[in-house]
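Read through the structure below, which is laid out as structure tokens, and then see the notes.
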Amino acid sequence: MTGELTHRMVRLGTLRLHAVEAGQGAPVLLLPGWPQSWLAWRHVLPLLVAAGRRVIVLDPRGLGDSDKPDGGYDLDTVAGDIHGFLVQEGLRGIDVVSHDVGSWIAYALACAHPGDVRRLVLSEMTIQTAGVARPIPDEAANIAGWHFGFNRLQGLPEALVAGRERLFLDWLFDNKAARPHAIDAEARAAYARSFAAPGAARAGFDYYRALLSPEGLARMAERLAVPLPMPVLAIGAEGGVKTRLADSLHGAAADLRSLVLPGGHYLPEEEPAAFAQAVLDFWRDTASSVGR
Numbered sequence: 001m002t003g004e005l006t007h008r009m010v011r012l013g014t015l016r017l018h019a020v021e022a023g024q025g026a027p028v029l030l031l032p033g034w035p036q037s038w039l040a041w042r043h044v045l046p047l048l049v050a051a052g053r054r055v056i057v058l059d060p061r062g063l064g065d066s067d068k069p070d071g072g073y074d075l076d077t078v079a080g081d082i083h084g085f086l087v088q089e090g091l092r093g094i095d096v097v098s099h100d101v102g103s104w105i106a107y108a109l110a111c112a113h114p115g116d117v118r119r120l121v122l123s124e125m126t127i128q129t130a131g132v133a134r135p136i137p138d139e140a141a142n143i144a145g146w147h148f149g150f151n152r153l154q155g156l157p158e159a160l161v162a163g164r165e166r167l168f169l170d171w172l173f174d175n176k177a178a179r180p181h182a183i184d185a186e187a188r189a190a191y192a193r194s195f196a197a198p199g200a201a202r203a204g205f206d207y208y209r210a211l212l213s214p215e216g217l218a219r220m221a222e223r224l225a226v227p228l229p230m231p232v233l234a235i236g237a238e239g240g241v242k243t244r245l246a247d248s249l250h251g252a253a254a255d256l257r258s259l260v261l262p263g264g265h266y267l268p269e270e271e272p273a274a275f276a277q278a279v280l281d282f283w284r285d286t287a288s289s290v291g292r
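Residue 1 is where the sequence shown starts when you use UniProt numbering, and the numbers rise one by one after that.
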């Protein structure tokens, strides 16, 4: 598969983003999550190419091989990066498929620039807003969500993880995946190398610091108040958020569809065939509403 991929760095002002592309046909943009990169889509990408799509995977700022500037990890700024990329590449009105933090970004993009997104697939995240205090979680909930509190701490996560990037990522993959072996040693090594790059850990943690700040939570509530006009598919995992993603989007899209797939949090790697088929079915079922 590597020989069929085109890797390039796209410059947006002073920011450089890493893009990977394959295939021909109607374009689709894939956005990975934290702490991963374009590589998280390595199994889904060829399935979409085989279905006749031109697939573009973009590492958002701070992830993978994209630049890791000192700031700008609030969703408005990162969505602005993606918007700038789509405008520059002539890709506005594209299908967007996303996972984890990539889904936070994709949702913010669709809210700020609805003309950019033809159809939107979100997976394995929830929309975070300010709410009532939550009780102490049980063991399963703690494993699934402890990093939300840890990642937003100032300075400490970077200090604790430095030199232990592989250990940290292995724990996440081993405990949040239903099939940890689906994230193989080669992929884990690649993720760890990216995560150990200068500024990478700080950049990844900054996504959580920005979103979970009072300002970030307030902005997300503002986004939820305006329903999205395009068809939206919310995908959860049986071993992940289940229906909580769809529940958090209640009333936030004029055409919201949802399903729960077998597997754990890392669905594009654990269940790539089922994930790709869900996306293809969604596109087929919404073809008439988007013009083809």
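Every residue, glycine too, gets a C-beta built ideally from N, C-alpha and C.
The model shown is predicted, which means the values in this text are computed figures rather than measured ones.
Identified DSSP bridge partners for Ile183
Per DSSP, none; premise fails for Ile183.
DSSP three-state assignment for Asp285, whether helix, strand or coil:
Correct three-state label for Asp285: helix.
What is the rounded straight-line gap between the Cα of Ala133 and the Cα of Leu47?
With a pLDDT of 48 at Ala133, under the threshold of 50, the modelled position of that residue is not reliable, and the figure given next carries that caveat. Answer to the nearest angstrom: the Cα atoms are 42 angstroms apart.
Looking at C-alpha atoms only, which residue of Leu245, Ala106 and Arg244 is the closest neighbour of Gly33?
Restricting attention to Leu245, Ala106 and Arg244, the CA atom closest to the CA of Gly33 is found in Ala106.
Around the C-beta of Lys242, are 16 or more other C-beta atoms found within 10 angstroms, so that it is buried, or is it exposed?
It is exposed - the Cβ of Lys242 has fewer than 16 other Cβ atoms within 10 Å.
Could you tell me the distance, in whole angstroms, from the CA atom of Met230 to the CA atom of Ala112?
13 angstroms
Taking C-beta to C-beta, are Tyr208 and Pro35 nearer than 8 angstroms?
no
With C-beta atoms as the reference, is Leu75 less than 8 angstroms away from Phe148?
no
Nearest by alpha-carbon distance to Arg202: which of Leu267, Leu228, Arg166 and Leu160 is it?
Leu160
In terms of residue numbering, what span does the alpha helix (DSSP H) encompassing Val161 cover?
Leu156 to Val161
Helix, strand or coil for His43, going by three-state DSSP, please let me know.
coil
Let me know the secondary structure DSSP gives Val132 once reduced to three states.
The predicted position of Val132 is uncertain, since its pLDDT is 45 and thus under 50; no value can be drawn from it.
Below 8 angstroms between beta carbons: does that hold for Leu29 and Val96?
Cβ distance < 8 angstroms, so Leu29 and Val96 count as in contact.
Helix, strand or coil, according to DSSP, for Ile82 in the structure here?
Assigned with DSSP and collapsed to three states, Ile82 falls in helix.
Can you name, in chain order, every residue of its own chain whose Cβ lies under 7 angstroms from the Cβ of Pro69, other than the five neighbours on each side?
Leu15 and Arg61
Report yes or no: do the segment 51 to 59 and the segment 111 to 130 share at least 3 C-beta pairs separated by less than 8 angstroms?
Put simply, the segment 51 to 59 does not touch the segment 111 to 130. Fewer than three CB pairs are less than 8 angstroms apart.
8 angstroms contact criterion, which Phe282 and Leu217 should meet: CB distance rounded:
Not really, about 29 angstroms apart at Cβ, beyond 8 angstroms.
Can you check which of these residues, Thr129, Pro27, Gln128 and Met125, is closest to Gly93 by C-alpha distance?
Pro27
To the nearest angstrom, how far is the alpha carbon of Leu259 from that of Ser66?
Using only the alpha carbons, I get a separation of about 31 angstroms.
Report whether the distance from the Cβ of Asp170 to the nearest heavy atom of the ligand ATP is below 7 angstroms.
With respect to the ligand ATP, the structure shown offers nothing to examine, as it has no ligands at all.
In angstroms with no decimal places, state the Cα-to-Cα distance between Ala178 and Val290.
35 angstroms
Cβ neighbours of Leu6 in the same chain (closer than 6 angstroms, five flanking residues each side left out):
Checking the sequence, you will find Thr at residue 6 rather than Leu. If you ignore the 5 residues before and after Thr6, its C-beta comes within less than 6 angstroms of the C-beta of Glu21, all in its own chain and listed in chain order.
Pull the bridge partners of Gln255 from the DSSP assignment, please.
It should be noted that the sequence gives Asp, not Gln, for residue 255. Bridge partners of Asp255 according to DSSP: Pro231.
For the putative contact between Ala252 and Leu228, defined by C-beta atoms under 8 angstroms, what is the C-beta separation to the nearest angstrom?
Contact annotation, Ala252 with Leu228: C-beta distance approximately 6 angstroms; criterion of less than 8 angstroms satisfied.
Is DSSP giving Ser66 helix, strand or coil here?
coil
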